[in-house]
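Q: Got a structure for you, written out below as structure tokens; questions coming shortly.
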Amino acid sequence: MTDKSNPPGKPAKDGAGLEEARLRQQAIGVKLRHMFDEVVNEPVPDEFLDILRRADERGSGA
């Protein structure tokens with residue numbers, strides 16, 4: 005038996021739909037935080053560190 009009282013794309017009239025949406029948003033937030041943490045914890049490439057050092061040297065010599 006299928007529930008046709010709430011077609012796709014339309015918000016649910018009861019709290020169950022809102023709770024489901026909150027759970028989906030929470031799951032997305034957890035995944036995004038995990039991905040962000042991975043990127044933040046990646047090492048900085050040596051070439052980029054060299055560029056930053058040279059920029060600092062030029063800035064302090066001016």
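In this text, residue positions in the sequence shown follow the numbering used here: the first is 5, and each later residue adds one. Glycine included, C-beta positions come from ideal geometry on N, C-alpha and C.
When the Cα atoms are used, what is the spatial distance from R58 to G65?
A: Using only the alpha carbons, I get a separation of about 11 Å.
Q: According to DSSP, simplified to helix, strand and coil, what is V48?
A: The answer is coil: DSSP assigns V48 none of H, G, I, E or B.
Q: In whole angstroms, what separates the C-alpha of R26 from that of E46?
A: Between R26 and E46, the C-alpha separation is close to 31 Å.
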